[in-house]
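Visitor: Below you will find the structure I want to go over with you.
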Amino acid sequence: MANSANEKLDLLRHTVATLAYRGGKAIRGAPASFSGFQAAPGVRTPGQILAHMSDLMDWGLGIAKGNHAWHDSEPRSWDEDTARFFAALKALDDYLASGAPVGAPVEKLFQGAVADTLTHIGQLNILRRIAGAPIRAENYFQADITTGRVGAEQTPPKREF
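Position in the sequence shown (from 1) plus 1313 gives the number in this note's numbering.
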C-alpha cells in the first residue's frame, strides 16, 4: 500500500512539473497588453486567469497541509503574478516532496487544484491565439518535463510545429 501511495504522490509531483512546463510556455513572451486582454464581455482576462491559477496552487498547498481555505486574489502585474504562480508551484512541490503527511487523498488534489489549473493553461493558450500572440504547438510527449523542475526556467521544446 505504501508503494501505491508513493506512486500516486510521484505522479502528482510530475503533474505539478507539467503545470510549470505548460504554464511557462503559455505565460512566456506574452505581449505587454495581454494581461488585460478582454476576448468578450464577461470573459476573464489573462491577468485574472493567472491570478486564479496562483490561488489554485495556494489552495492545493493548503489542502495538502490539511487546510481547505480559499482566497480570491486580485490580479497584479503580469510579471508579479508570473512570479507568484511559479513560487506557488514550488511551495506545493516542496511540500509534496518533504515526506510530510498529505491532508487529503492525492486524487482529490489532482481533480481540484491541479486539473483546474491545467484547464486554465489551455484558456491562456486560446486567448493568446485570439489576441494575435499564439504559442507554437508542441509534441508534449517528447518534452523534457522532470519532477521537481517547477520554476519558470524550463528545458527548450524538443519538437514544436
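Just so it is clear, CB atoms sit at the ideal spot from N, CA and C, and this is done for glycine as well. Note that the coordinates shown come from a computational prediction; the quantities given were computed from them, not determined experimentally.
Using the Cα positions of Gly1416 and Glu1393, report the straight-line distance between them to the nearest angstrom.
Guide: Between Gly1416 and Glu1393, the C-alpha separation is close to 29 Å.
Visitor: Here's the rule I'm using: 16 or more other beta-carbon atoms within 10 Å means buried, otherwise exposed. How should Thr1468 be labelled?
Guide: Exposed.
Visitor: If contact is defined by three or more beta carbon pairs under 8 Å, each pair taking one atom from either stretch, is the segment 1436–1455 in contact with the segment 1328–1342?
Guide: The segment 1328–1342 vs the segment 1436–1455: in contact.
Visitor: Specify the secondary structure class of Ser1386 as computed by DSSP and reduced to three states.
Guide: Looking at Ser1386 - three-state DSSP - the assignment turns out to be coil, as it is neither helix nor strand.
Visitor: Glu1451 bridges to which residues according to DSSP?
Guide: According to DSSP, Glu1451 bridges with Glu1473.
Visitor: Using beta-carbon positions only, say whether Ala1476 and Pro1388 come within less than 9 Å of one another.
Guide: Outside the shown range of the chain (1314 to 1474) lies residue 1476, about which nothing can therefore be said.
Visitor: Using 9 Å as the threshold, is the C-beta distance between Ala1477 and Thr1430 below it?
Guide: Summary: the structure shown does not reach residue 1477, with the chain confined to residues 1314 through 1474, and so no result is reported for it.
Visitor: So, for His1433: in the same chain, excluding its five sequence neighbours on each side, which residues have a beta-carbon less than 7 Å away from its beta-carbon?
Guide: Counting only Cβ-Cβ distances below 7 Å, and skipping sequence neighbours, we find Ile1362, His1365 and Met1366.
Visitor: As an exercise, report each continuous alpha helix (DSSP H) stretch of at least 4 residues that is fully enclosed by the segment 1375–1437, in chain order.
Guide: Listed in chain order, they are 1391–1410 and 1419–1422.
Visitor: Alpha carbon to alpha carbon, how far is Asp1368 from Ala1339?
Guide: Going by the C-alpha atoms only, they are around 17 Å apart.
Visitor: Let me check understanding here. Comparing Cα to Cα, which of Glu1473, Arg1442 and Glu1420 lies closest to Asn1319?
Guide: Per the Cα distances, Glu1420.
Visitor: Could you name the residues of the same chain whose beta carbon sits closer than 7 Å to that of Asp1406, not counting the 5 residues immediately before and after it, in chain order?
Guide: Arg1326, Val1329, Gly1461 and Val1463.
Visitor: Exposed or buried, Phe1398, counting other C-beta atoms within 10 Å across all chains shown (16 or more means buried)?
Guide: Counting Cβ neighbours within 10 Å, Phe1398 comes out buried, since at least 16 surround it.
Visitor: Considering only C-alpha positions, which residue in the set Trp1391, Gly1342 and Thr1358 is nearest to Gln1436?
Guide: Of the candidates Trp1391, Gly1342 and Thr1358, the one whose C-alpha sits nearest the C-alpha of Gln1436 is Thr1358.
Visitor: Answer with buried or exposed for Asp1371, where buried requires no fewer than 16 other C-beta atoms within 10 angstroms of its C-beta.
Guide: Classification of Asp1371: buried, given that the 10 Å Cβ count is 16 or more.
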